[in-house]
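Okay, structure first, notes after.
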């Protein structure tokens, strides 16, 4: 997945931790190429031996997220993320966390528009136990009423924290403005009204509808043999009931026609500015050029936006660009913190920086620097077994594993002319979403 997409994903994912974003893709030293197998019932298994340490990362990725929810199902993908580690008929509440902790492991989970993710990291000798556990929670979650009610309070607190954090709330609001009425514009956490009225029966029905083998990806990376992993997966995931006929594909997001603008009054003393342009989805060839363009625009202190707005014109306290490359439509964003008096001038200057790229292109030095940064970010992402597994699982659920393994080689082939071309293609002068947070009492 494009590295700049991972930057935005870290802001936009919602998750909870239970311990307490090949070929030319450059897997880490000593790692073999991952093995990908589709089990007879449709479960995708990706396994790789990685002996940097004596642990194994086991991850269940579900091809279901916020985009799959109807208007009266908002927040259910995220709620399932909270509930699956809470118990099954053979594992009472609290026993799963106790098992993982007792084995010296950790667990985590998070939700996005395109997928829901559950992971366990264990000492490698407990790989089979981890596979059995993930297969159990994938189809047998019991949804204990007391646990469901307790998690409702946790989700309400997440909603409050999101609204209180101007950076996170800016990303959420910008997505709403840029994508509505597509599901990418809806809040992943749901709404207080829907979550407050959520029943066990409704959550169980959503679970039964989407948690089926055809939508499951099991990724296992660590100090294990892929053949042993496949044997364990066949004995557990392979025995799950075969899937019904494939569901119809999710619709693509409609174009962002014309400008969309939104001003929000908030209690912070400084202002916030967010601009968003609809760009390439993960299955489009432009993702590589858009990724590099985003690095050049706003990845570091040497980027064009930082140099112009922060260093030269002193219009902002901070500014950055990010690329959310989702399966149905991408969004490139520019986010800035600044004095309210500078809002209009800062917006105009951002547009001027982009116009210059469209008119004059980028330099070879900028292209090379962006590639080096992407390479460095990639190396960091795949440094551990857990990082490798996340990279593979996200690729399998939002584009393809082969695309992931070829990511860096394709990125290196992008020319300065191609970067200029995507700037011209996607960054029309007035075809963007804008959200401003203004100091002052809400209206």
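In my numbering, the protein residues as written are 411 to 853.
Positions of the beta carbon are idealized from the N, C-alpha and C atoms, including for glycine.
The structure presented is a predicted model; accordingly, all values stated were derived computationally and were not measured.
Check your understanding: How about residue 805 and residue 798: do their beta carbons lie closer than 8 Å?
Key -> On the chain shown, position 395 is the one that residue 805 refers to. On the chain shown, position 388 is the one that residue 798 refers to. Not in contact: residue 805 and residue 798 (Cβ atoms no closer than 8 Å).
Practice item. Check whether the stretch 581-597 touches the stretch 668-681, taking contact to mean three or more Cβ pairs, one atom from each stretch, closer than 8 Å. Key: yes
Review point. Going by DSSP, which residues form a beta bridge with residue 672?
Key: As a first step, residue 672 is located in the chain shown; it is residue number 262 there, counting from the start. Partner(s): 845.
**Study point:** Where the beta strand (DSSP E) containing residue 748 begins and where it ends
**Key:** Counting from 1 along the chain shown, the entry for residue 748 is found at position 338. It spans 740-748 - the beta strand (DSSP E) in which residue 748 sits, taken as one unbroken run.
Check your understanding: When the distance is taken between beta carbons, is residue 808 closer than 8 Å to residue 525?
Key -> Mapped onto the chain shown, residue 525 falls at position 115. Mapped onto the chain shown, residue 808 falls at position 398. Yes, Cβ-Cβ distance for residue 525 and residue 808 is below 8 Å.
Review point. Which runs of the beta strand (DSSP E) fall wholly inside the stretch 705-775 and span at least 3 residues, in chain order?
Key: 728-735, 740-748
Point to revise | Own chain residues within Cβ distance below 7 Å of residue 723, not counting five before or after | key: In the chain shown, residue 723 corresponds to position 313, counting from 1. Excluding sequence neighbours, residue 723 sits near 759.
Check your understanding: If we count the other Cβ atoms within 10 Å of its Cβ and call it buried at 16 or more, is residue 790 buried or exposed?
Key -> By 1-based counting over the chain shown, the position of residue 790 is 380. Per the 10 Å Cβ criterion, exposed.
Practice item. Taking residue 692 as the reference, give the member of 699, 737, 793 with the closest Cα. Key: Locating residue 692 in the chain shown gives position 282, where the first residue counts as 1. The candidate whose alpha carbon is nearest that of residue 692 is 737.
Point to revise | Segments of 3+ residues assigned as beta strand (DSSP E) that fall wholly inside the stretch 437-476 | key: Entirely contained in the stretch 437-476, the beta strand (DSSP E) runs reaching 3 residues are, in chain order, 445-448, 454-459, 465-472.
Practice item. Give the secondary structure of residue 650 by DSSP, where H, G and I count as helix, E and B as strand, and everything else as coil. Key: On the chain shown, position 240 is the one that residue 650 refers to. Residue 650 falls in the coil class under three-state DSSP.
Exercise for review: Give a yes or no on contact between the stretch 493-501 and the stretch 542-561, applying the rule of three or more CB pairs nearer than 8 Å.
Suggested key: The way I'd put it, the stretch 493-501 does touch the stretch 542-561; three or more beta-carbon pairs between them come closer than 8 Å.
Exercise for review: Run through the stretch 565-647 for me and flag every whole beta strand (DSSP E) of 3 or more residues, listed as ranges in chain order.
Suggested key: 626-632
Check your understanding: CB-CB under 8 Å to residue 680, same chain, minus the five flanking residues each way: which ones, in chain order?
Key -> In the chain shown, the residue the question calls residue 680 occupies position 270. The residues are 727, 747, 748, 749, 750, 849.
Check your understanding: Does the stretch 610-629 come close enough to the stretch 455-463 to have 3 or more Cβ pairs within less than 8 Å?
Key -> yes
Practice item. Going by CA-CA distance only, name the one from 785, 842, 828 that's closest to residue 814. Key: By 1-based counting over the chain shown, the position of residue 814 is 404. Of the listed residues, the one whose Cα sits closest to residue 814 is 785.
Practice item. Label residue 604 either buried or exposed according to how many other C-beta atoms from any shown protein chain fall within 10 Å of its C-beta, with 16 as the threshold for buried. Key: In the chain shown, residue 604 corresponds to position 194, counting from 1. Only buried fits residue 604, as 16 or more other CB atoms lie within 10 angstroms of its CB.
**Study point:** Supposed close pair residue 818, residue 701 - CB separation, criterion 8 Å
**Key:** Here residue 818 corresponds to residue number 408 of the chain shown, with the count starting at 1. Here residue 701 corresponds to residue number 291 of the chain shown, with the count starting at 1. No, residue 818 and residue 701 are not in contact; Cβ-Cβ is about 11 Å, not under 8 Å.
Practice item. Taking only the alpha-carbon atoms, compute the straight-line gap between residue 652 and residue 538 and give it to the nearest angstrom. Key: The residue you call residue 652 lines up with position 242 of the chain shown. The residue you call residue 538 lines up with position 128 of the chain shown. So the two alpha carbons sit approximately 22 Å from each other.
Check your understanding: Counting pairs of beta carbons, one from the stretch 652-664 and one from the stretch 550-561, are three or more of them closer than 8 Å?
Key -> Segments in contact, no.
Exercise for review: Would you mind reading off the limits of the alpha helix (DSSP H) that contains residue 492?
Suggested key: For the purposes of this step, residue 492 is identified with residue 82 of the chain shown, where counting begins at 1. Segment 486-493, the alpha helix (DSSP H) holding residue 492.
Point to revise | CB of residue 674 within 8 Å of CB of residue 583, strictly | key: Taking the chain shown and counting its residues from 1, one reaches residue 674 at position 264. Taking the chain shown and counting its residues from 1, one reaches residue 583 at position 173. Yes; because the gap between Cβ atoms is below 8 Å, this pair is in contact.
Point to revise | Length of the line joining the Cα atoms of residue 571 and residue 600 | key: Position 161 of the chain shown, counted from the start, is the residue given in the question as residue 571. Position 190 of the chain shown, counted from the start, is the residue given in the question as residue 600. Each residue's Cα considered, the two are about 14 Å apart.
Exercise for review: Determine which residues share a DSSP beta bridge with residue 807 and list them.
Suggested key: Looking up residue 807 in the chain shown gives position 397. Partner(s): none; residue 807 has no beta bridge.
Review point. Taking 8 Å as the CB-CB limit, is residue 783 close to chain C?
Key: The structure shown contains no chain C; it is built from a single protein chain.
Check your understanding: How about the stretch 698-716 and the stretch 605-614: do they share at least three Cβ pairs that are nearer than 8 Å?
Key -> no
Review point. With distances taken between CB atoms, is the gap from residue 764 to residue 833 smaller than 8 Å?
Key: Within the chain shown, residue 764 is the residue found at index 354, counting from 1. Within the chain shown, residue 833 is the residue found at index 423, counting from 1. Here residue 764 is near residue 833, since their CB atoms are less than 8 Å apart.
Check your understanding: Which same chain residues, not among the five before or five after residue 802, have their C-beta less than 8 Å away from its C-beta?
Key -> As a working note, residue 802 is residue 392 in the chain shown. Cβ neighbours of residue 802 beyond the five flanking positions: 444, 456, 458, 629, 631, 811, 814.
Point to revise | Burial state of residue 618, where buried means 16 or more other Cβ atoms lie within 10 Å | key: Counting from one through the chain shown, the residue named residue 618 turns up at place 208. By the neighbour-count rule (16 or more Cβ atoms within 10 Å), residue 618 is not buried but exposed.
**Study point:** residue 682 (DSSP reduced to helix, strand or coil)
**Key:** Residue 682 sits at position 272 when you count from the first residue of the chain shown. Three-state DSSP puts residue 682 in a strand.
Review point. How many Å lie between residue 615 and residue 507 at the Cα?
Key: Within the chain shown, the letter at position 205 stands for residue 615. Within the chain shown, the letter at position 97 stands for residue 507. The C-alpha of residue 507 is placed about 25 Å away from the C-alpha of residue 615.
Review point. In or out: residue 412 buried (at least 16 other Cβ within 10 Å) or exposed?
Key: Residue mapping note: residue 412 aligns to position 2 of the chain shown, counting from 1. Label assigned to residue 412: buried.
Check your understanding: Can you tell me whether DSSP reads residue 536 as helix, strand or coil?
Key -> Here residue 536 is taken as the residue at index 126 of the chain shown, counted from 1. Helix.
Review point. Does the distance from the CB of residue 553 to the CB of residue 493 come in under 8 Å?
Key: Taking the chain shown and counting its residues from 1, the one referred to as residue 553 is at position 143. Taking the chain shown and counting its residues from 1, the one referred to as residue 493 is at position 83. Yes, the Cβ-Cβ distance between residue 553 and residue 493 is below 8 Å.
Practice item. Can you say whether residue 440 is buried or exposed, counting buried as having 16 or more other CB atoms within 10 angstroms of its CB? Key: In the chain shown, the residue the question calls residue 440 occupies position 30. Any reading at residue 440 must be qualified, since the residue scores a pLDDT of 43, below 50, and its modelled position is unreliable; no value is offered.
Exercise for review: Use the C-beta contact count for residue 800: other C-beta atoms within 10 angstroms, 16 or more gives buried, fewer gives exposed.
Suggested key: If you number the chain shown from 1, residue 800 lands on position 390. Residue 800 comes out buried.
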